[in-house]
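Student: Sharing a structure here in structure tokens format.
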Amino acid sequence: MTFLRASKSQNLTGTVTVPGDKSISHRSIMLGSMAIGRTTVKGLLEGEDVLSTAAAFRAMGATIEKHEDGTWTVDGVGIGGLQEPDDVLDMGNSGTSARLILGILAGHDITCFLTGDDSLRKRPMGRVINPLSEMGATFESRAGGRLPLMVRGAADVLPITYELPMASAQVKSAVLLAGLSARGKTTVIENKPTRDHTERMLTHFGGEITVEPIEGGGNKITVTGQPELTAADLVVPSDPSSAAFPAVAAAITPGSEVVLPAIGMNPTRSGIFQTLKDMGADLTLSNERIEGGEPVADITIRHAQLTGIEVPEERAPSMIDEYPVLAVAAAQASGKTVMRGIGELRVKESDRLAVVAEGLRANGITVEEGEDWMIVHGTGGKIPGGGTVTTHLDHRISMSFLVMGLVSEKPVTIDDGQPIETSFPNFLELMTGLGADIAPL
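Going by numbering that gives the first Met the number 0, the sequence shown runs without a break in its numbering and finishes at 440.
Structure representation (structure tokens):
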């Protein structure tokens, strides 16, 4: 383990480019592998999670290469063209990889074995196994549908209509990706909107997909099976989930002004920035544009005194990964911040709701929590700090509490910085370049 310590800092300033969007990077490898021809990808996130995805699709017959200019190319094998791998597919720490690949494999008449690291092996896969079993795939797994597991894809995939029991872009995407191999139309009904990168990218690669709004604010998404996806070059926007860390750091650290170029502003992902503005953050967008079918903008954020709010519950799906760092902003704010509808945090890389509450308390912050809610009582700018946070192999917990240390009266220590490599490989370099005092012990 690599212990890291963050200490009180001043004047975070500069323009920094955060890594490419993880969700879009995963999907560019996956859909590029199922398209006909060569797809060139610029800005691919080269974190461990995405590299695990690339390794898995290489093992199944796609040709995936990084070139000297930093671009990647994916030579696809077409729908149904993936081959049975010779070895177990190790998905590392990536729940997105595991769940979406299960959807793809459900549509191939091959047998595969999947595993992951200790954290991933604790995460539930039953939520995708259930609908994929309806489509004809078979699974054998540990109790609760956890990795390691075996999946045998269906020779004749059944198109289904499936209503999501929870708001989950991963489950939605797994069913839609399996539906690519079905004869006919596969429909997913989501009662709350979730990130729509799969739908956008399927369109980009020539897939036939429709999205119809339904009463209550959700969507009915239908994909037509057995298309011929065609290679399509794309530029990966910078990841809004990664951008949240320097954005919150700038918002709460006195004297700061940070510019974050080309951040993905997909409305199903950008809830954190609206929430920061609602709390009083000095945050502006410029150069708004569309790249690769995704909305993008440059963000400038300066220090301002934040005020606690009640975060709209319906906003949770658009910022579920950002609640840990939002809790840090809430700790520095004046008044209390109420977060509801966040039970999904309990089945992430760690039980994030419990781990965040534990880390806040270790650093002198008063927190209330329930099964799917948390209330953080802000200090108005005087975070005591001085605690050591157990990160439970969770990259977002690691980065969130390092951000907290930048404004705490005493330094904040995390027990393991290594998991940061899964999503934000240059986090330490980027943050220290802005002026953050973060160093290994």
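The C-beta atom is built at its ideal place from N, Cα and C for all residues, glycine as well.
If you reduce the DSSP assignment to three classes, tell me which class D320 lands in.
Tutor: Looking at D320 - three-state DSSP - the assignment turns out to be helix.
Student: Using a Cβ-Cβ cut-off of 8 Å (strictly less than) and excluding sequence neighbours within five positions of L427, which residues of its own chain qualify?
Tutor: Excluding sequence neighbours, L427 sits near L3, G416, I419, I437.
Student: Which full runs of the alpha helix (DSSP H) of 4+ residues lie inside the region 144-188, going along the chain?
Tutor: Complete alpha helix (DSSP H) runs here, min 4: 168-178.
Student: On the CB-based measure, 16 or more other CB atoms within 10 Å of its CB, does I213 come out buried or exposed?
Tutor: Burial call: exposed.
Student: Within a Cβ cutoff of 7 Å, which residues of the same chain sit near G13, ignoring the five residues on either side of it in sequence?
Tutor: Hits under 7 Å: V257, G432, L433.
Student: Name the residue from T412, E368, T421 whose alpha carbon lies nearest to the alpha carbon of K7.
Tutor: Residue T412 is the option with its Cα nearest to K7.
Student: Can you tell me which of the three DSSP states M403 falls into?
Tutor: Three-state DSSP puts M403 in a helix.
Student: So for E343, helix, strand or coil by DSSP?
Tutor: Of the three classes helix, strand and coil, the one that applies to E343 here is helix, per DSSP.
Student: Taking only the alpha-carbon atoms, compute the straight-line gap between V187 and N425 and give it to the nearest angstrom.
Tutor: Whole-angstrom Cα-Cα distance: 37 Å.
Student: For V87, which residues in the same chain have their Cβ closer than 6 Å to its Cβ, ignoring the five residues on either side in sequence?
Tutor: Here the set comprises F112, T114.
Student: At the level of alpha carbons, what is the spacing between Q169 and N286?
Tutor: For Q169 and N286, the distance between alpha carbons rounds to 30 Å.
Student: Measuring only the C-alpha atoms, how far is E133 from V375?
Tutor: Whole-angstrom Cα-Cα distance: 42 Å.
Student: What's the call for T185, buried or exposed, on a 16-neighbour Cβ count within 10 Å?
Tutor: Buried.
Student: Distance, Cα to Cα, T160 vs D20?
Tutor: C-alpha separation (whole angstroms): 29 Å.
Student: Report back the beta-carbon spacing between G384 and K409 to the nearest angstrom; my notes put them in contact at under 8 Å.
Tutor: That pair is a contact at about 4 Å.
Student: So, under 8 Å CB-CB, M149 and L119 are touching, yes? Tell me the CB distance rounded to an integer number of Å.
Tutor: So it is not a contact: roughly 16 Å between Cβ atoms.
Student: For a test of the three-state rule: what should DSSP assign to D281, helix, strand or coil?
Tutor: Reduced to three states, the DSSP call for D281 is strand.
Student: Which of the three DSSP states, helix, strand or coil, is assigned to G358?
Tutor: Reduced to three states, the DSSP call for G358 is helix.
Student: Under 8 Å, do D320 and S255 count as touching if we go by C-beta distance?
Tutor: Cβ atoms of D320 and S255: not closer than 8 Å.
Student: Assess, as a yes-or-no matter, whether the region 207-225 is touched by the region 42-51 under the definition of 3 or more beta carbon pairs within less than 8 Å.
Tutor: No: the two stretches stay apart, fewer than three of their Cβ pairs being nearer than 8 Å.
Student: Around the C-beta of P18, are 16 or more other C-beta atoms found within 10 angstroms, so that it is buried, or is it exposed?
Tutor: When all chains shown are included, P18 counts as buried.
Student: For the region 24-61, list the beta strand (DSSP E) runs that are entirely contained and at least 3 residues long, ordered along the chain.
Tutor: As far as the region 24-61 is concerned, its whole beta strand (DSSP E) runs of at least 3 residues are 37-41.
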